[in-house]
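Below: the structure, in structure tokens.
Protein chains: 4
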Amino acid sequence: MSEPRTAPDREPDGPFAEVGQRGPERLEAFSDGVFAIAITLLVLEIRVPPAQDLATPGALVAALGGLWPSYLGYVLSFVTVGVMWANHHNLIRLVATVSHGLMLANLALLLAVGFVPFPTALLAATLQTPTGQIGVLIYAATFIGIALAFNLLWYEIRRGRGVLRANVSRRSIDSITRSYRLGPPGFAIAFLAALINPALGMLVIVALVAVYLLPSSSGA
Amino acid sequence: MSEPRTAPDREPDGPFAEVGQRGPERLEAFSDGVFAIAITLLVLEIRVPPAQDLATPGALVAALGGLWPSYLGYVLSFVTVGVMWANHHNLIRLVATVSHGLMLANLALLLAVGFVPFPTALLAATLQTPTGQIGVLIYAATFIGIALAFNLLWYEIRRGRGVLRANVSRRSIDSITRSYRLGPPGFAIAFLAALINPALGMLVIVALVAVYLLPSSSGA
Amino acid sequence: MSEPRTAPDREPDGPFAEVGQRGPERLEAFSDGVFAIAITLLVLEIRVPPAQDLATPGALVAALGGLWPSYLGYVLSFVTVGVMWANHHNLIRLVATVSHGLMLANLALLLAVGFVPFPTALLAATLQTPTGQIGVLIYAATFIGIALAFNLLWYEIRRGRGVLRANVSRRSIDSITRSYRLGPPGFAIAFLAALINPALGMLVIVALVAVYLLPSSSGA
Amino acid sequence: MSEPRTAPDREPDGPFAEVGQRGPERLEAFSDGVFAIAITLLVLEIRVPPAQDLATPGALVAALGGLWPSYLGYVLSFVTVGVMWANHHNLIRLVATVSHGLMLANLALLLAVGFVPFPTALLAATLQTPTGQIGVLIYAATFIGIALAFNLLWYEIRRGRGVLRANVSRRSIDSITRSYRLGPPGFAIAFLAALINPALGMLVIVALVAVYLLPSSSGA
């Protein structure tokens, strides 16, 4: 979308080059949009207490306090999606041209990221009910799916001819591969922990998100 | 929005050139925004089950299972809009300058794409009711409209003077034209199939979307 | 956001230039976002009919037919906001550096554009009720406000030192000024017509939007 | 996302440079998205009056008049978030490369900005009830949080090695630091004023937003 289209390492001038080759700029723009919207829609799940709770300050404070699962869901999902955006950013920077497989893998990732507001709302709705465990399990399962989609995306970047930029070192590639491989089993552990105890499952998820906030894990 | 405005093949310096000529960068940015938002709003149609379904795990699992039309609608519309975005991307890359007709055709396309969350929600709401057939028919009709809008957009790109980039080969043009011509009759067949049997209509839609996921159909 | 920051006609290298001068790229990106989101949120106002209308095909067809004010509002507001986006695009292309006044005028315009989903929903809700006139009046008033904001924006572009690009001809400037001056009285006529008869007011609005779809009116 | 990636002051060609160094383009794009969406979602909190208020023009006018807290909340939050966007724009323009700390500080800021629709809706819902004071207090507290996040962001820009662009003058830096330091105590005064009297608290918030609309405060 913004780099000069004649940049030699992005859009070669061979026959049909204008159709067969493309840089990642609009893929980035579209993905940025989906990440930004998914992260911002999260706030819509925090609902203003109904009219009867606005009758006295005490009732409102109690009602607002009772929304803590919504606040927790907002913060946790916002930070997680934000970290995923940073990871996505770091991955796509390594892309020279967009293959069809990369396009599909990216769409699969966005499908999972765009879904996050639903399990977040479900988590918030169930946390204080007898169905809290189901909320945590589905929340963890969503992140297993996203972690798998990230691995698929990275696989597509590495395997396509000319997709990965030529100047990325083997060491960088291996470091990213290692970091990404930990995602699915990590969230699977959270899922299993939630089977034993929902609060334990939440704790593992929070810990995982905290780990992904560390500089080393984002490939940067 | 991003290419140097003095790039010779984009913004000639003739009189009034600053008003009469424009590259597709902001058209892309605006369209990317509409596609990204339409695709992300789809998740808002998946509603968390009401409080009474959160009383027991069994009730919640049943309620979440009963939401399958919403999940189906989310995935189907997300993938379809995602593929449309990729097609749009491929088309606009061939544009050198934006004509007024192209602007209007693009607006017509965005009007149809921005509408998708409504027939998707209607499809999900009706699939398990006696009105499921209407839901499928309106869903198919929406995609007929989008396919027609894509043909109009492509027509406007080809017919305007200086709209199509000079270096696009005749073979690429013909290949895209052929691929786009199949869209309206394809979804019309889905519509007709839904008239006979709603499930059959859905099957045709799913098959069409799967075909559009193949590399050859997106012009890439 | 995307042009090389050292481009001489955009970001001079004088003292404090990095703070005091700025090109319109991020203003464009932010405005594109607001336009794209406002236009896409419009679909959320078209509500799926309630469960009782899904009992028989006849009831659903009647319910969907009864939503015609929502479809009308969607199409009318989508096209109007889309045309406004194109106009905004054409205006900002003439900007070399962003002044503080331009920033504020742009914010005022976005405030009005971002408000459009509310009068659109109000119009759709009231059109078939005894309060339809109020819906049309508020809808027209919103567009008077937007037309005024466009004139303010254009005024700020012309009056700031170095805001308007140096290579814009006097003839282009005058042509845009003339075109923009017609906006506020045009929608004021729609408002007055709606005072006499709501349907007449709607007709004037539809006619105005159709006129703005003509190539000559968008400055392109 | 848009500047040539080989620009010497942005992406050095040292070993692992493609992973370890990055310009602020996609950070800007993602942040622009979140600001634009948060600001545009505000309109969803202005609800069309229920059906019974659409029975007579008098009832509708009264109902629409009764929505004044929603209009106030919309305008106030829109302008405030818009000014914050401008400030964010001005800050990020000074960034040469994005550090991990900057990424996290930016995420914290977006977390607070994305939250704004909730306290805005709460303010509108409570303003005419006995709980209005709580609404104003939470609204003010949100802006204290955002002001703190801005100071953290600016701190991260200054402290990281190579994060701040080399050509930013000491005078510019000091001017921004002074301006940002006033934010948290300013909104804290609004909070304290609201403890005494909610209307007084609102007045201080409105005054602060008006001050931030002045050219000198945005660092431009």
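Just so you know, the protein sequences line up as chains A, B, C and D, in that order.
The numbering used here applies: residue 1 is where the first sequence begins, and numbers increase by one.
The numbering used here applies: residue 1001 is where the second sequence begins, and numbers increase by one.
The numbering used here applies: residue 2001 is where the third sequence begins, and numbers increase by one.
The numbering used here applies: residue 3001 is where the fourth sequence begins, and numbers increase by one.
Even glycine gets a Cβ: it sits at the ideal position worked out from N, Cα and C.
These numbers were taken from a predicted model, which means no experiment stands behind them.
> Nearest-angstrom Cα distance between residue 67 of chain A and residue 3117 of chain D?
Replying inline: 16 angstroms
>> Could you tell me the alpha carbon to alpha carbon distance between residue 3094 of chain D and residue 3108 of chain D, rounded to whole angstroms?
In response: 19 angstroms
> Taking Cβ-Cβ distances shorter than 7 angstroms, what residues in chain A pair up with residue 3103 of chain D?
Replying inline: 86
> Does the Cβ of residue 1198 of chain B have 16 or more other Cβ atoms within 10 Å, making it buried, or fewer, making it exposed?
Replying inline: buried
> Is there at least one Cβ from chain C nearer than 9 angstroms to residue 3049 of chain D's Cβ?
Replying inline: yes
> Is the CB of residue 218 of chain A under 9 angstroms away from at least one CB in chain D?
Replying inline: Low confidence applies here, because residue 218 of chain A scores a pLDDT of 45, under 50, leaving its location unreliable; read the following figure in that light. Chain D contact via Cβ: present.
> At a Cβ threshold of 9 angstroms, is residue 118 of chain A touching chain B?
Replying inline: yes
> So, does the CB of residue 177 of chain A fall closer than 9 angstroms to a CB anywhere in chain D?
Replying inline: no
> Taking only beta-carbon atoms, is residue 69 of chain A less than 9 angstroms away from chain D?
Replying inline: no
> DSSP state of residue 164 of chain A, grouped into three classes?
Replying inline: strand
> Under a three-way DSSP split, which group does residue 2065 of chain C fall into?
Replying inline: helix
> Of the residues that make up the segment 132-156 of chain A, which ones have a beta carbon closer than 8 angstroms to any beta carbon in chain B?
Replying inline: 133, 134, 138
> Can you give the Cα-Cα distance for residue 1076 of chain B and residue 1209 of chain B, rounded to whole angstroms?
Replying inline: 8 angstroms
> Going straight from the alpha carbon of residue 2055 of chain C to that of residue 2064 of chain C, what length do you get?
Replying inline: 13 angstroms
> In three-state DSSP terms, what is residue 116 of chain A?
Replying inline: coil
>> What residue range does the alpha helix (DSSP H) around residue 2133 of chain C cover?
In response: 2132-2159
>> Which residues of the segment 3029-3040 of chain D have a Cβ closer than 8 angstroms to any Cβ of chain C? Give them in chain order.
In response: 3029, 3032, 3033, 3035, 3036, 3037, 3039, 3040
> For the 8 angstroms Cβ check, are there 3 or more pairs between the segment 1080-1092 of chain B and the segment 1131-1142 of chain B?
Replying inline: no
> Is it the case that the Cβ atoms of residue 3032 of chain D and residue 2035 of chain C are separated by a distance below 9 angstroms?
Replying inline: no
> Which residues in the same chain have their Cβ closer than 8 angstroms to the Cβ of residue 3151 of chain D, if we skip the five residues on either side of it in sequence?
Replying inline: 3180, 3181, 3183, 3184
> Just checking my contact of residue 193 of chain A with residue 201 of chain A at CB under 8 angstroms: how many whole Å lie between their CB atoms?
Replying inline: 4 angstroms
> Is it right to say residue 2174 of chain C is buried, meaning 16 or more other beta carbons lie within 10 angstroms of its own, or is it exposed?
Replying inline: exposed
> With a Cβ-Cβ cutoff of 9 angstroms, do residue 3111 of chain D and residue 79 of chain A count as a contact?
Replying inline: yes
> With DSSP run on the structure shown, which of helix, strand or coil describes residue 1095 of chain B?
Replying inline: strand
> Taking Cβ positions only, does residue 3114 of chain D come closer than 9 angstroms to chain A?
Replying inline: yes
> Whose C-alpha, out of A:195, A:203, A:205, A:168, is nearest the C-alpha of residue 96 of chain A?
Replying inline: A:168
> Would a check of beta-carbon distances place residue 1011 of chain B closer than 9 angstroms to chain A?
Replying inline: Low confidence applies here, because residue 1011 of chain B scores a pLDDT of 35, under 50, leaving its location unreliable and the question unanswered by this model.
> What did DSSP end up calling residue 129 of chain A once you bin it into helix, strand or coil?
Replying inline: coil
>> Using 8 angstroms for Cβ pairs, my map puts residue 1042 of chain B next to residue 1074 of chain B. What's the rounded Cβ distance?
In response: 5 angstroms
> Hey, would you say residue 140 of chain A sits closer than 9 angstroms to residue 92 of chain A, going by beta carbons?
Replying inline: no
> Are the CB atoms of residue 3037 of chain D and residue 2039 of chain C nearer to each other than 9 angstroms?
Replying inline: no
>> Helix, strand or coil, according to DSSP, for residue 6 of chain A in the structure here?
In response: Bear in mind that a pLDDT of 34 at residue 6 of chain A, under 50, signals an unreliable position, so the model cannot answer this.
> Mind checking if residue 185 of chain A is an interface residue toward chain B, Cβ cutoff 9 angstroms exclusive?
Replying inline: no
> Which residues of chain D have a Cβ atom closer than 7 angstroms to the Cβ of residue 46 of chain A, listed in chain order?
Replying inline: 3118
>> Once the 5 residues before and after residue 2082 of chain C are set aside, which same chain residues still bring their CB inside 7 angstroms of it?
In response: 2039
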